[in-house]
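Undergrad: In full-length UniProt numbering, the protein residues as written are 1 to 263. Ideal placement from N, C-alpha and C gives every residue a C-beta, glycine not left out.
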């Protein structure tokens, strides 16, 4: 049962990643078009690159890509902070508490921030010294403390700057014609695109090694079937994301539903 919810949750993360890249690409390109394209067109454009990323079968080969994604993310943080601290209003202008109506959205978004939990299992299983993973000063605790501080800090500052006008992604609050705004959208999109392979590794690995490979025992085309599974998983996430192209609701739904159930 845990496997089912974990697979569902990780595929949900992949859907959000597809939608995030599509939304930011649309926001980047539409300023140059006389007539804006539908979000589904942009998602179709990025389909093949996502297939290439999910085709990486070895978790260790994904590690350098993950490092690059982290670097791009931290560079993007610097640009985001630059925009946040421009014309920063008084903190007293922002309500300290929301309403009960918005609490479910907040709750789901907060749980979605724990997306690393699914990848944690795969990373621990592939570590040379798994004992270093747990403990008070283990890899997990240190990483989660840093991630939590970043989430809380960026969330607080973002709300301070934009208040109720905060978009589903803070990059969508930036002036669309500014060069730095375009740069941060591209950097974030690349970072999310790279991370898609890591998030997609988990559900594919569970499906393949736990359920499918046993039924194909003796087959001479195991590699073909595995790649078929990987490509199908990408198409599934694209179809789901295109069906409900609402980034904020997608994040909240998969956070509140899947994470709560299997945790």
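Our contact map puts residue 29 next to residue 238 with C-beta atoms below 8 Å; I'd like the distance itself, whole angstroms only.
TA: With a Cβ gap of about 18 Å, residue 29 and residue 238 do not count as contacting.
Undergrad: Relative to the C-alpha of residue 58, which residue among 8, 242, 240, 200 is closest?
TA: Looking at the Cα atoms, 200 is the closest of the given residues.
Undergrad: Looking at the secondary structure, which residues open and close the alpha helix (DSSP H) in which residue 226 lies?
TA: Where residue 226 is concerned, the enclosing alpha helix (DSSP H) stretches over 222-243.
Undergrad: DSSP three-state label for residue 276, please.
TA: There is simply no residue 276 to check, as the chain begins at 1 and stops at 263 in what is shown.
Undergrad: Residue 216 to residue 222, Cα distance in whole Å?
TA: For residue 216 and residue 222, the distance between alpha carbons rounds to 7 Å.
Undergrad: Can you find a C-beta in chain E that's less than 8 Å from the C-beta of residue 72?
TA: No chain E is present in this structure, which holds just one protein chain.
Undergrad: Residue 153 and residue 170 - do their beta-carbons sit closer together than 8 Å?
TA: Contact: no.
Undergrad: Got a sec? Which residues, its chain only, sit under 8 Å from residue 66 by beta carbon, not counting five neighbours each side?
TA: For residue 66, where only same-chain residues beyond five positions count, the Cβ hits under 8 Å are 194, 195, 198.
Undergrad: Using 10 angstroms around the beta-carbon of residue 272, count the other beta-carbons present and answer buried if the total reaches 16, otherwise exposed.
TA: It is not possible to answer for residue 272, since the shown part of the chain is limited to 1 through 263.
Undergrad: Exposed or buried, which one is residue 192 when buried takes at least 16 other CB atoms within 10 Å?
TA: That one is buried.
Undergrad: Using three-state DSSP, classify residue 272 as helix, strand or coil.
TA: An answer regarding residue 272 cannot be provided, because it is not within the stretch 1 to 263 covered by the chain.
Undergrad: Just to confirm the assignment: which complete alpha helix (DSSP H) runs, minimum length 4, are found wholly within the stretch 8-87?
TA: Entirely contained in the stretch 8-87, the alpha helix (DSSP H) runs reaching 4 residues are, in chain order, 39-45, 47-54, 59-84.
Undergrad: Whether or not the stretch 226-245 and the stretch 83-101 are in contact is what I'm after, with contact meaning three or more pairs of Cβ atoms, one per stretch, closer than 8 Å; do they touch?
TA: No, because fewer than three Cβ pairs between the stretch 83-101 and the stretch 226-245 fall closer than 8 Å, the two stretches do not touch.
Undergrad: Which value, in whole angstroms, describes the spacing of the CA atoms of residue 272 and residue 146?
TA: Limits of the chain in this structure are 1 at one end and 263 at the other, which puts residue 272 out of reach.
Undergrad: How about residue 51 and residue 39: do their beta carbons lie closer than 8 Å?
TA: Contact flag unset, no.
Undergrad: What do you reckon, are the CB atoms on residue 54 and residue 21 nearer than 8 Å?
TA: For residue 54 and residue 21, no; Cβs fall outside 8 Å.
Undergrad: Quick one: give me the first and last residue of the alpha helix (DSSP H) that residue 212 is part of.
TA: Taken as a continuous stretch (DSSP letters only), residue 212 belongs to no alpha helix (DSSP H), as it is neither H nor E.
Undergrad: If we count Cβ pairs, one from each stretch, closer than 8 Å, do we get three or more for the stretch 65-84 versus the stretch 203-213?
TA: No, the stretch 65-84 is not in contact with the stretch 203-213.
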